[in-house]
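Numbering (the numbering used here), first residue to last: 9 to 706.
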């Protein structure tokens with residue numbers, strides 16, 4: 009690991025070698041610096057080429073060293089770039105596949121850059137709440153031009169190398185090499201070997217004809233689009249410095265801005281989410297090299313909203329799907345909805361006509377269980393009732409070939425019970441998709457007591473293929489997400505009884521950053537869904553208290569947007585939630601019946617009761633081993649429940665507030681006579697961590 013050094017004629021070739029993406033870890037930085045030294049001291053060498061082994065030039069910083077002393081150990085990235093830039097012989101970066109972040113900054117420190125076509129070029133630091141910290145904001149505007157550089161830095165999105173090579177006046181790339189990159193780079197290095205002075209990007213003047221007006225426009229636009237994230241605006245300021253300051257001063261300001269951003273809660277949250285997503289795919293007792301079952305054909309039971317949405321994920325990935333229904337009308341309706349969804353994408357220019365035709369050609373339908381027996385994976389997406397699931401799984405057990413994976417899209421039911429309806433519980437797993445299933449990123453993968461390791465590994469790999477964020481959950485009522493959201497919803501109900509209106513609760517939660525408050529969310533999902541679950545709860549957990557307001561709402565037939573009335577009123581064909589006089593009267597009457605005098609409740613109390621309800625239940629889920637790690641719970645909430653990304657998820661937010669403070673708030677809530685004092689007893693894990701002054705993610 010590090011980098012290799014070889015000589016080709018009169019050119020030294022230094023190859024970064026730190027799989028998988030040649031991250032610029034300490035060993036790699038050291039090896040490159042030593043290679044430059046060696047080439048400089050060898051009179052037979054006239055030029056140097058730096059490239060990357062395998063599938064990348066360099067993906068940037070080595071994320072395995074994040075937060076460790078190694079990340080800053082000399083030569084740090086800035087020192088290495090200065091060393092390359094100061095080399096007395098020309099240094100050529102030979103870029104292919106990927107040059108991102110620190111990898112691109114290293115290339116910008118070289119005297120020349122050549123590239124293979126199709127290389128993805130980016131400075132993606134803004135996605136971690138940071139800005140490029142090794143000269144990217146100062147050198148890229150000089151090499152590429154101020155406007156295109158600012159667009160790349162503020163968006164963090166990759167751009168293909170051949171597009172950048174066409175930018176008028178750019179000196180980012182001197183040559184596009186079609187054939188063998190190293191041969192081409194060595195040849196180019198020999199052509200420029202004797203040219204002096206050596207060109208340095210830092211010596212170019214960054215200019216814009218209307219600099220002041222341009223940067224003001226950029227501030228206004230970026231500020232409006234990124235109001236909860238400080239990094240994009242800081243990017244604008246540091247790029248503006250490249251135009252108005254000397255290079256050294258701009259570099260100093262970039263470094264200071266980088267260090268300030270590192271300390272912001274927003275950057276900590278984004279970095280937490282970045283690592284959480286990577287951690288979620290790792291299952292301690294399932295080795296990464298577990299052999300996978302082949303999944304070349306999928307069957308789906310049920311052509312409703314969920315079944316159709318799930319089918320689209322597989323069609324998008326080029327996997328043939330057969331949908332099974334009991335009645336032809338249901339099948340026709342389901343297929344029509346899939347068509348409508350695709351046609352909307354075609355209309356918006358997000359999908360080409362021929363791709364739409366290819367996807368529909370992969371879809372097959374049937375009314376007969378016998379027709380799906382050859383599928384490698386079958387996903388059941390029928391009504392959320394254990395009796396209905398039993399009928400389906402007994403049928404599947406009869407018809408599916410040996411080794412087929414039998415999955416249930418249940419959102420709350422016992423996967424072990426479902427597995428017991430078959431003679432092959434090892435092949436049964438839960439795949440809980442979120443609605444709309446063709447859009448939502450989250451897939452809760454529910455591991456039953458008997459689920460085979462290769463089944464779990466196969467479903468996790470398949471989830472990645474259909475572009476989902478997969479999080480493993482153990483078996484319990486509601487798994488991770490819905491078990492926690494139930495406590496959040498209970499609190500929302502108690503807040504109504506104590507003096508809030510649905511609008512007040514929703515507004516407070518939306519100001520905190522949720523995409524939607526609990527009452528608007530209920531209206532969108534259908535209030536009858538929660539009602540059905542509560543009726544089951546009243547039988548199973550008679551001591552669990554709920555506010556009756558939601559039941560009274562459903563008894564009035566107000567199921568939400570689909571009936572034109574829920575917690576809010578809706579006008580036909582419109583989604584605007586209009587506060588409802590009828591609902592406010594119902595809440596008032598219910599409050600009077602309970603003998604509660606309404607009180608004024610602050611936004612802070614609303615948010616903390618709802619969010620800390622998630623946290624307390626999350627701590628119980630962790631303690632029981634239902635979730636593998638706190639960051640998995642955060643991933644569920646960031647990708648499936650609209651939790652604000654800049655707050656990092658409920659468990660990360662609790663760590664930010666401080667668990668001691670969370671426990672103190674819970675004690676206050678427990679003293680409220682109208683709340684559920686028993687629920688606010690801090691979970692043992694939460695109490696233990698708070699007492700030790702630790703956080704969930706320590």
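Virtual Cβ for every residue (Gly too), placed ideally from N, Cα, C.
Do you know how far the Cα of residue j is from the Cα of residue i?
| i | j | result |
| --- | --- | --- |
| residue 672 | residue 74 | 33 Å |
| residue 399 | residue 346 | 26 Å |
| residue 687 | residue 267 | 41 Å |
| residue 121 | residue 100 | 5 Å |
| residue 375 | residue 393 | 21 Å |
| residue 159 | residue 188 | 31 Å |
| residue 417 | residue 387 | 7 Å |
| residue 13 | residue 46 | 9 Å |
| residue 574 | residue 561 | 7 Å |
| residue 193 | residue 181 | 12 Å |
| residue 279 | residue 369 | 41 Å |
| residue 521 | residue 238 | 15 Å |
| residue 500 | residue 349 | 33 Å |
| residue 667 | residue 454 | 29 Å |
| residue 153 | residue 217 | 11 Å |
| residue 428 | residue 406 | 14 Å |
| residue 401 | residue 378 | 14 Å |
| residue 60 | residue 66 | 6 Å |
| residue 301 | residue 469 | 10 Å |
| residue 556 | residue 584 | 25 Å |
| residue 641 | residue 219 | 45 Å |
| residue 586 | residue 578 | 6 Å |
Looking at the unbroken beta strand (DSSP E) that takes in residue i, where does it start and where does it end?
| i | result |
| --- | --- |
| residue 13 | 10 to 16 |
| residue 452 | 450 to 454 |
| residue 126 | That residue, residue 126, is in no beta strand (DSSP E); it is neither H nor E in DSSP. |
| residue 2 | Outside the modelled stretch of the chain, which goes from 9 to 706, sits residue 2, for which no answer is possible. |
| residue 440 | 436 to 441 |
| residue 481 | 477 to 481 |
| residue 330 | 329 to 332 |
| residue 388 | 385 to 388 |
Within a Cβ cutoff of 6 Å, which residues of the same chain sit near residue i, ignoring the five residues on either side of it in sequence?
| i | result |
| --- | --- |
| residue 209 | 116, 147, 150 and 151 |
| residue 437 | 415, 459, 463 and 467 |
| residue 385 | 303, 306 and 413 |
| residue 316 | 342, 345 and 346 |
Residues in its own chain within less than 7 Å of residue i by CB, not counting five upstream and five downstream?
| i | result |
| --- | --- |
| residue 646 | 281, 653 and 657 |
| residue 299 | 462 |
| residue 449 | 476, 477 and 647 |
| residue 494 | 486 |
| residue 534 | 567, 568 and 570 |
| residue 544 | none |
| residue 523 | 650 |
| residue 482 | 455, 633 and 634 |
| residue 242 | 139, 265 and 269 |
| residue 552 | 545 |
Nearer than 7 Å: is that true of the beta carbon of residue i relative to any heavy atom of the ligand GDP?
| i | result |
| --- | --- |
| residue 517 | Looking for the ligand GDP in the displayed structure turns up nothing, as the structure carries no ligands at all. |
What residue range does the alpha helix (DSSP H) around residue i cover?
| i | result |
| --- | --- |
| residue 502 | 489 to 506 |
| residue 712 | Outside the displayed span of the chain (9 to 706) sits residue 712, for which this structure offers no information. |
| residue 280 | 273 to 288 |
| residue 225 | 219 to 233 |
| residue 361 | 361 to 369 |
| residue 660 | 658 to 665 |
| residue 344 | 336 to 355 |
| residue 396 | 394 to 407 |
Only counting the same chain, and skipping five residues up and downstream in sequence, which positions put a Cβ closer than 8 Å to that of residue i?
| i | result |
| --- | --- |
| residue 72 | 31 and 33 |
| residue 244 | 158, 162, 223, 226, 227 and 230 |
| residue 36 | 9, 10, 11, 24, 25, 26, 30 and 70 |
| residue 177 | 153 |
| residue 155 | 216 and 222 |
| residue 137 | 237, 238, 239, 269, 272, 274, 275, 276, 277, 278, 279 and 654 |
I'd like to know if the segment 659 to 670 and the segment 616 to 624 are in contact, where contact means that at least 3 CB-CB pairs between them fall below 8 Å. With the rule of 3 Cβ pairs closer than 8 Å, the segment 659 to 670 counts as touching the segment 616 to 624.
Please give the ranges of any alpha helix (DSSP H) in the segment 56 to 114, keeping only runs that are unbroken, at least 4 residues long and fully inside the region. Correct list: 85 to 93.
Taking only runs that begin and end inside the segment 24 to 55, name each unbroken alpha helix (DSSP H) of 4 or more residues, in chain order. 34 to 49
Taking the runs of the alpha helix (DSSP H) that are 4 residues or longer, which of them lie wholly in the segment 136 to 203? Under the rule that a run must span 4 or more residues, the alpha helix (DSSP H) segments found entirely inside the segment 136 to 203 read 144 to 152, 154 to 163, 169 to 173 and 189 to 200.
Per the contact definition of three or more C-beta pairs closer than 8 Å, is the segment 427 to 434 in contact with the segment 405 to 418? yes
Does the segment 193 to 210 come into contact with the segment 41 to 56, if we say contact requires no fewer than three beta-carbon pairs (one atom in each stretch) closer than 8 Å? yes
State whether the segment 627 to 638 contacts the segment 259 to 274, with contact taken as three or more CB pairs (one from each stretch) at a distance under 8 Å. no
Inter-stretch contact (C-beta, 8 Å, three-pair minimum) for the segment 605 to 617 and the segment 507 to 527: yes
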